[in-house]
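Working notes for the structure below.
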Amino acid sequence: MADFDGQVAVITGGARGIGAEIARKMAAGGAHVVCADVLDTTEIVAEIKAAGGFAEGRPMDVTDATAAADAIRAIHSDHGRLDILVNNAGITRDQLLVRMKPEDWDLVLRINLDGAFKVTQPTAKIMMRQKSGRIVNIASVVGLMGNAGQTNYSASKAGLIGFTKSLARELGPRNVTVNAVAPGYIQTAMTDALTDDQRAALMKTVAIPRLGTPGDVADAVTFLAGPKASYITGVVINVSGGLYI
Ligand code: NAD
Numbered sequence: 035m036a037d038f039d040g041q042v043a044v045i046t047g048g049a050r051g052i053g054a055e056i057a058r059k060m061a062a063g064g065a066h067v068v069c070a071d072v073l074d075t076t077e078i079v080a081e082i083k084a085a086g087g088f089a090e091g092r093p094m095d096v097t098d099a100t101a102a103a104d105a106i107r108a109i110h111s112d113h114g115r116l117d118i119l120v121n122n123a124g125i126t127r128d129q130l131l132v133r134m135k136p137e138d139w140d141l142v143l144r145i146n147l148d149g150a151f152k153v154t155q156p157t158a159k160i161m162m163r164q165k166s167g168r169i170v171n172i173a174s175v176v177g178l179m180g181n182a183g184q185t186n187y188s189a190s191k192a193g194l195i196g197f198t199k200s201l202a203r204e205l206g207p208r209n210v211t212v213n214a215v216a217p218g219y220i221q222t223a224m225t226d227a228l229t230d231d232q233r234a235a236l237m238k239t240v241a242i243p244r245l246g247t248p249g250d251v252a253d254a255v256t257f258l259a260g261p262k263a264s265y266i267t268g269v270v271i272n273v274s275g276g277l278y279i
């Protein structure tokens, strides 16, 4: 029996990048995956179905608390269960603090941190009643180590780590685990823009000198969401090739 047979997993930002790879791996493990995104999810859903998996797309803007709660309740009522939530939706708006536009500070915090609160609250109510569930938050190593030009992003990801640890303490008694994965430099749309020189400079800062893949991150997420991690809660798994040790 596959790890996620019969389970329902919601992945925010599941249309592409790391979120889509998490969806592929969970679907391959037997889950019915719900890719919730502001972007069109037709492609990833079709790909998973073509591979014999179960998937659906849900339009969701994680900054809209009412719409997010309605979507979570609808998913639960359609399937009768909700086993896994991956808070993966996230953006960057990089700039040095002294030049940062207040709206770029606000937007990054609103999507990366407030968005996780808005989707997790209705989900936690369902998982508490169900007396089971797994929540995995996609943070970043810059939430642990900082990065010049990313005060907004690193504050959002450090906030997400504090959220993870506190919620783990609240939900543990109901058999719901809450963990975080902190990726380093991963090969996605976020890092495609790097020049060869920037890439070479970055590689000098990483113990394992390559960019990570979405699969490297998705493996850590599926582990935390799977049956072998039932006694693990409140942790941050750093998937950064040793960028942060
Ligand atoms: P990506 O831009 O490819 O994917 C992010 C997804 O989030 C997109 O599908 C986007 O539409 C969605 N999204 C954005 N705003 C949303 C909103 N308001 N509501 C719902 N969905 C929304 O980026 P990615 O690299 O796959 O990043 C995924 C996660 O991993 C993010 O949280 C990011 O911060 C984190 N991360 C990425 C890296 C990296 O190097 N790529 C490193 C560390 C952490």
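One point on numbering: in this note's numbering, the residue at position 26 of the sequence shown is 60, and numbering is uninterrupted. C-beta atoms are modelled at their ideal positions from N, C-alpha and C, and glycine is treated no differently. Owing to the predicted nature of the structure, the values given are computational and were not obtained by experimental measurement.
As for any alpha helix (DSSP H) of minimum length 4 sitting wholly inside the segment 238–262, the runs are 248–259, ordered along the chain. If only complete runs of 4 or more residues are kept, the segment 145–207 shows the alpha helix (DSSP H) at 149–164, 176–179 and 185–205, in order along the chain.
Beyond the five residues adjoining it in sequence on each side, isoleucine 195 comes within less than 6 Å, by CB distance, of Ala173, Gly177, Ala214 and Val270 in the same chain, given in chain order. Spanning the alpha carbons of glutamine 41 and serine 190 requires a straight line of approximately 29 Å.
Check the Cα spacing between tyrosine 265 and each of Gly64, Val212 and Asn122: the tightest is with Val212. For alanine 49, the Cβ falls inside the 7 Å cut-off from some heavy atom of ligand 1. Runs of the beta strand (DSSP E) spanning 3 or more residues and lying entirely within the segment 52–121 occur at 66–71, 88–93 and 118–121, in chain order. A distance criterion of 7 Å places the beta-carbon of alanine 259 beyond contact range of ligand 1, judged by its closest non-hydrogen atom.
Spanning the alpha carbons of lysine 199 and glycine 268 requires a straight line of approximately 5 Å. Leaving aside the five residues that flank serine 166 on each side, the residues in its chain whose CB is nearer than 6 Å to its CB run, in chain order, Asn209. Within its own chain, the residues whose Cβ lies closer than 8 Å to the Cβ of proline 261, once the five positions on either side in sequence are excluded, are Asp37, listed in chain order. Residue side-chain check: methionine 60 keeps its Cβ at 7 Å or more from all non-hydrogen atoms of ligand 1. Scanning Pro217, Asp104 and Ala227 for the CA closest to the CA of glycine 275 turns up Pro217.
A straight line joining the alpha-carbon of aspartate 226 with that of proline 248 spans about 13 Å.
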